[in-house]
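Participant:
Protein chains: 4
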Amino acid sequence: MGGNCIGKVFKVTTFGESHGPAIGAVVEGCPSGIELGPGDFAEAMARRRPSGRPSDTPRREQDKVEILSGVFEGRTTGAPITLVISNQDVDSRPYELLKELFRPGHGDYTYFKKYHHFDFRGGGRYSARETAARVAAGVIADKILSPLGVSVLSYTLELGGIRAKKFQFETIEKDKLRCPDPNASVEMEKRLQEIADKGDSVGGVAEIIISGCPSGLGEPVFDKLDADLAKAIFSVGTVKGIEIGAGFDSARMQGSQNNDPITPEGFRTNHAGGILAGISNGDQILIRTALKPIPSIKIKQDTIDRQGRPATIKLMGRYDICPLPRALPVLEAMVKIALADHYLRQKPYERRT
Amino acid sequence: MGGNCIGKVFKVTTFGESHGPAIGAVVEGCPSGIELGPGDFAEAMARRRPSGRPSDTPRREQDKVEILSGVFEGRTTGAPITLVISNQDVDSRPYELLKELFRPGHGDYTYFKKYHHFDFRGGGRYSARETAARVAAGVIADKILSPLGVSVLSYTLELGGIRAKKFQFETIEKDKLRCPDPNASVEMEKRLQEIADKGDSVGGVAEIIISGCPSGLGEPVFDKLDADLAKAIFSVGTVKGIEIGAGFDSARMQGSQNNDPITPEGFRTNHAGGILAGISNGDQILIRTALKPIPSIKIKQDTIDRQGRPATIKLMGRYDICPLPRALPVLEAMVKIALADHYLRQKPYERRT
Amino acid sequence: MGGNCIGKVFKVTTFGESHGPAIGAVVEGCPSGIELGPGDFAEAMARRRPSGRPSDTPRREQDKVEILSGVFEGRTTGAPITLVISNQDVDSRPYELLKELFRPGHGDYTYFKKYHHFDFRGGGRYSARETAARVAAGVIADKILSPLGVSVLSYTLELGGIRAKKFQFETIEKDKLRCPDPNASVEMEKRLQEIADKGDSVGGVAEIIISGCPSGLGEPVFDKLDADLAKAIFSVGTVKGIEIGAGFDSARMQGSQNNDPITPEGFRTNHAGGILAGISNGDQILIRTALKPIPSIKIKQDTIDRQGRPATIKLMGRYDICPLPRALPVLEAMVKIALADHYLRQKPYERRT
Amino acid sequence: MGGNCIGKVFKVTTFGESHGPAIGAVVEGCPSGIELGPGDFAEAMARRRPSGRPSDTPRREQDKVEILSGVFEGRTTGAPITLVISNQDVDSRPYELLKELFRPGHGDYTYFKKYHHFDFRGGGRYSARETAARVAAGVIADKILSPLGVSVLSYTLELGGIRAKKFQFETIEKDKLRCPDPNASVEMEKRLQEIADKGDSVGGVAEIIISGCPSGLGEPVFDKLDADLAKAIFSVGTVKGIEIGAGFDSARMQGSQNNDPITPEGFRTNHAGGILAGISNGDQILIRTALKPIPSIKIKQDTIDRQGRPATIKLMGRYDICPLPRALPVLEAMVKIALADHYLRQKPYERRT
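Residue numbers (numbering that gives the first Met the number 0), protein chains in the order written: chain A, 0 to 352; chain W, 0 to 352; chain B, 0 to 352; chain L, 0 to 352.
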């Protein structure tokens, strides 16, 4: 199996399975001299961790990040940083009964077709559990970006068909669903409860705003910044769509409307979403992404077994109901990893003291 | 400058500038034994070439592809295949007057910020001219895919706000705008003429259908097939959005609706768009992508010069008015390159005779 | 810092520092279905571990390999395999006194020049301790190669100027210095004791014989099998020279002597050392490599401190006296990693059951 | 076929076959702003070109380098630079008679085993003709290195068993065999003539001295500078051995002799050959490499045909008799490519004006 690594200079390799002993990441290319300790990961891991919202799985993981290498006397050395998160609440019994069946909407079928086996214990390698390692790696990316003034904000724009109409960015972090519109948030929560009661699940739309990104990140041909952001975001399992800047709306505009006029003070509008010809232009980078409903539902579905015989399946495990808001820190991490990589492609040996 | 290469086993490196002597591509990883000659490129190059539609630039290029290496006695040898397309209609005079100004919506500004220079002659490396080399490389990808039964169809779903409602796939190739709805096509053409008369430009939406793709292409973590398709498509300059399968609509569905039930005969629906957990499931792969209006317009726009002083710019060169339909063969080529790469990652040394 | 990874399909990334909490490796690209458990590593790790020979450091490490990922029910899954070896005997006190001085023959000076810091505790990342992770990864490479009939034998050909003259391969494993000539081995041991008594160190020459390697491994241009073997072997810190087949002797031969005649039964001679035009020819692959003396000696040496001021240094820590025989399992591991990579480049998805 | 590319930031991909229309290289990662024109290649190409020495093939190629991309107004732009050298003296008739036989010492046999075909016309992709593209790429590497004060000198240390004893570096360039010892050179030439008269060939030893290399190039683990130099040099077809610094002699020294004492003025000796722990130390980098005799000889040899039947072969084409001195510019080019890559890994976006 290939493809466990993302980035060219700031390279993140994740490892580990949902129900194995541990998951983690090796982060290469981090400059030396950056303060880093186990405590730095707590906040980001907590934001990804289920926390009793109706949307969240009841699986309980402490998600404590252990640093095995790359840090000496509290600072990065430039050597690979190995992060390990042990799996503690590993109960694979609910999966035992279903080990012959492919769960609809999951990778069981395709994984089996490709590798001739699949990990019935919650997906193994292709479980969302793997994303905890990405969030941990994102913390290191953030350590590179934040001194440059780059910050990444994300929120629930839409959930179960309900869309935020107000944008109170300052209350997002306190909002249960990380929605910038408190009224919409209340409605979303009601909707989630209805969905949960039916054993069903629901999708949503996330918006991501990158502020303070310097101009000049990205390459003009294949490694365009937007292309690498799209890949990073689509590498998150539930993503089904992405827009940069005006996105699909730009397809309906005319050039005279869509072009952002340039002034000595900067761009007058931002339909480009902060990227021109694959290179950041110094403006905010705006991304919207569509997340499909969690495929694990407690409703009977048609499927087949490993031998191709028809069957029905009804899942009874511990699942999220909506990928949002838990996917937000994962999306932020992927965005930060892509940005840090493009930043360090230009300055790979920069030392911070 | 990095990022001139895409793919891991089937690797395509493009080279060349809009107004330099030639553009081209080196294609590595093509299996040996495949029939290939200069004549194989004519059809695909012709589909990308401007052809007198109101949407097309009047720049005239013969786009003849010369094979410099990798073919012996009419068959590929497995060695790198070098394709060269000479630039013939290279008139950079219209650009001379504007050489101090950044064209809004183009990469001039960001390229200058990154590299401290830019190629005023039509964008140089970041010109759409570079995509001719991609189309040529796509012909080789197609030679790998078509014996497997994989075919890629693309068409203009929407242009200037007019959307196809009927889908007569058999007439697409004959339709001037490659629209599957003849009535919509007539309206689109009218719209294009209006836009042209104003000196403006317009965007559109393309739909891409991949049929016959075997299950098992893709990797479950970062190199998901959808992630690599998203990167390949976003590496085309005008792309601002992408959806796989139900795309943004899936964000509004419930799991019980969005999950595709599995039957012994295959998937009952295809909201997934042919990909689960980053791996193809054997169903059609469905992609929609939003293209922004061509940024080159003959209307006065605000901008700045290299010194940051305010200025106005009015372009007078030879431009397309809409990225569609000329972008379609480019999008198809990128899709084929990504698929061939994922196919050959599994069977890198397969020889065809 | 880059360059922590070797291989393209069978990829090994090592992490960890000499005196950090742990070292280890992430191994990507291992086929699924291979039996693997923690017990599989014991023998190889023991061969690398110091064992009371006069040539060995007294540092005591248990070198127990823990598998964090990539194995399920005793078999590899195809997912990345993470191997962790904790550092237990971590006493950095002997280094404290020397923390301002560059040890001659070590990487302290160059590391400091490059990264503006260095790890005075035994070299940190550039310590020979890192090679334990390579040996562990080599065990997995061996699991891929041995079913193909590929075996790798290595031995001490020369030590401290004493050269083996007889080649009793069957007693190598029992010989303290892994020398195929028991008489030479006795002399070598005497020499080592003399050297130890003076506080000095000594180098040697290793010979490596790869048997059963199928023809067809390697690529004809830059990724020649001999080029990748040379890189793999030179990536071991003490290596100063390498020969393939007749090596430097071939420079003194004529073509009619050096060419290996081809017969229906195989090659009549093996001056090529099993590789032609970068591709294995099915014959034994023969490698000789020169290892410099261990640079840590208990004799006063001239050096400078971080400020560039002259100083003298006399090391008092726990060191090997000769890189042989402990380097042999490391060299074998590197050879196996390179071979497994080239093998899997051809058959990346082969599943063993 | 993979492996046509070397380098990570300064990346060189070569293409082309011995008897195809052209060979060439795409060079990525070259900084912008460097003066470059077709005339810059003439000298290096001439040094590699056969020139009537008894050691040289009578094949006549003009080796004119054409620049297809990456240069604008006489300076590099940072975009990929494509270099094309057309093959003009392409006479494959001498090969026709031998198209069923494997030439001993050549890659025909291994290439056939791997790819199930081989290019009987002088080896096609694995011909020494490919190295002309490397020499051209090396000219660009030199443009990066020479402003830093880095220079690379190489010469014939030994040829046909005759070794240089005097080192008059200033006459090397004028010496027919690029030998620093005029007396040895005369003897070498006599030897070459004897060998030529017998239809045989001979090998030699090259020495390479890199001066002015700044400290800090290289990485401490797998991408050691010496490891990458060894790979670069072993990627030249005739190389069978390599030594850095004291090389095999260091295996016979004691640590107290081999360690280079450090003084405020630099290293007192240079047994390390300018590299410590994989990183350059600022001293001269010293390399010796063994080249086997040219395998093409006009003497009858035993071989087999494609069906494995015994046969004899006597070559009658146009061949070199000794890889030296023509291999020297190729070795220099490979060394420069590796150095430029390691230099630019640290400063990938440096612009020269």
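Built from N, CA and C at the ideal position, the CB exists for glycine as well.
All values reported here derive from a predicted model rather than from experimental measurement.
Who does residue 200/W pair with in a DSSP beta bridge?
Facilitator: Note: residue 200/W sits in no beta bridge, so no partner.
Participant: Going straight from the alpha carbon of residue 115/W to that of residue 346/A, what length do you get?
Facilitator: 16 Å
Participant: Taking residue 111/L as part of the alpha helix (DSSP H), name the residues at either end of that continuous run.
Facilitator: Taken as a continuous stretch (DSSP letters only), the alpha helix (DSSP H) holding residue 111/L covers 107-114.
Participant: Quick check: what's the CA-CA separation for residue 232/L versus residue 241/B?
Facilitator: Distance between the alpha carbons of residue 232/L and residue 241/B is about 12 Å.
Participant: With 8 Å as the threshold, decide whether the Cβ of residue 30/A is near any Cβ in chain L.
Facilitator: no
Participant: When we look at the beta-carbon of residue 262/B and count the other beta-carbons within 10 Å, is it buried (16 or more) or exposed?
Facilitator: exposed
Participant: For residue 68/W, decide whether its Cβ has a neighbour in chain L, counting only Cβ atoms nearer than 8 Å.
Facilitator: yes
Participant: In whole angstroms, what separates the C-alpha of residue 18/L from that of residue 100/L?
Facilitator: 18 Å
Participant: Only counting the same chain, and skipping five residues up and downstream in sequence, which positions put a Cβ closer than 6 Å to that of residue 210/W?
Facilitator: 150 and 283
Participant: Beta-carbon of residue 223/W versus every beta-carbon of chain A: anything under 8 Å?
Facilitator: Judged by the 8 Å Cβ criterion, residue 223/W is in contact with chain A.
Participant: At a Cβ cut of 7 Å, what residues of the segment 334-347 of chain A count as close to chain L, listed as they run along the chain?
Facilitator: 344, 345 and 347
Participant: DSSP has residue 206/W in a bridge; who is on the other side?
Facilitator: In DSSP, residue 206/W forms a bridge with 154/W and 287/W.
Participant: Given this structure, state the Cα-to-Cα distance separating residue 206/A from residue 270/A, to the nearest angstrom.
Facilitator: About 15 Å.
Participant: Taking C-alpha atoms, which residue in 314/W, 252/W and 14/W lies nearest to residue 97/W?
Facilitator: 314/W
Participant: How many Å lie between residue 221/L and residue 145/W at the Cα?
Facilitator: Those two C-alpha atoms are separated by around 40 Å.
Participant: Would you say residue 187/W lies against chain E (beta-carbon separation less than 8 Å)?
Facilitator: The structure shown contains no chain E; its protein chains are A, W, B and L.
Participant: Against residue 9/W, what residues of chain L qualify as contacts under a CB-to-CB distance less than 8 Å, listed in chain order?
Facilitator: Going along chain L, no residue has its Cβ under 8 Å from residue 9/W, so there is no contact; the nearest lies around 10 Å.
Participant: Kindly say whether residue 105/W, judged by its beta-carbon, lies nearer than 8 Å to any beta-carbon of chain L.
Facilitator: no
Participant: Where residue 260/A and residue 289/A are concerned, what is the direct C-alpha to C-alpha distance, given to the nearest angstrom?
Facilitator: 29 Å
Participant: Compute the minimum distance between the beta carbon of residue 175/W and the heavy atoms of the ligand COA, and state whether it is under 7 Å.
Facilitator: Absence of the ligand COA is noted for the structure shown, with no ligands found whatsoever.
Participant: Check the Cβ of residue 130/B against every Cβ in chain A and list those closer than 8 Å, keeping chain order.
Facilitator: The contacting residues do not exist; residue 130/B stays about 15 Å from chain A at best.
Participant: Taking the straight line between their C-alpha atoms, what separation do you get for residue 230/L and residue 223/L?
Facilitator: 11 Å
Participant: With H, G and I counted as helix, E and B as strand and the rest as coil, what does DSSP make of residue 239/A?
Facilitator: strand
Participant: In the structure shown, what three-state DSSP assignment does residue 10/W receive?
Facilitator: strand
Participant: How many Å lie between residue 166/B and residue 160/B at the Cα?
Facilitator: 17 Å
Participant: Buried or exposed for residue 181/L, going by 16 or more other Cβ atoms inside 10 Å?
Facilitator: exposed
Participant: Within 10 angstroms of the Cβ of residue 41/W, are there 16 or more other Cβ atoms? Answer buried if so, exposed if not.
Facilitator: Residue 41/W comes out exposed.
Participant: Would you check if the distance between the CB atom of residue 131/L and the CB atom of residue 84/L is smaller than 8 Å?
Facilitator: yes
Participant: For residue 231/B, decide whether its Cβ has a neighbour in chain A, counting only Cβ atoms nearer than 8 Å.
Facilitator: no
Participant: Taking the alpha carbon of residue 276/A as the point to measure from, which residue in 245/A, 226/A, 141/A and 264/A has its own alpha carbon closest?
Facilitator: 226/A
Participant: Please list, in chain order, all residues of the same chain as residue 298/A whose beta carbon is under 8 Å from its beta carbon, the five residues on each side excluded.
Facilitator: 197, 198, 199 and 313
Participant: Less than 8 Å separating the beta-carbons of residue 8/A and residue 23/A?
Facilitator: no
Participant: Please report the residue range of the beta strand (DSSP E) in which residue 27/W lies.
Facilitator: 21-27
Participant: In chain order, which continuous runs of the beta strand (DSSP E) of length 3 or greater are located wholly inside the segment 70-106 of chain L?
Facilitator: 80-85
Participant: Three or more beta-carbon pairs under 8 Å between the segment 67-87 of chain B and the segment 123-141 of chain A, yes or no?
Facilitator: Inter-segment contact for the segment 67-87 of chain B and the segment 123-141 of chain A is present: three or more beta-carbon pairs are separated by less than 8 Å.
Participant: Enumerate in chain order the residues of its own chain whose CB-to-CB distance from residue 148/L is below 7 Å, with the five nearest sequence positions on each side excluded.
Facilitator: 211
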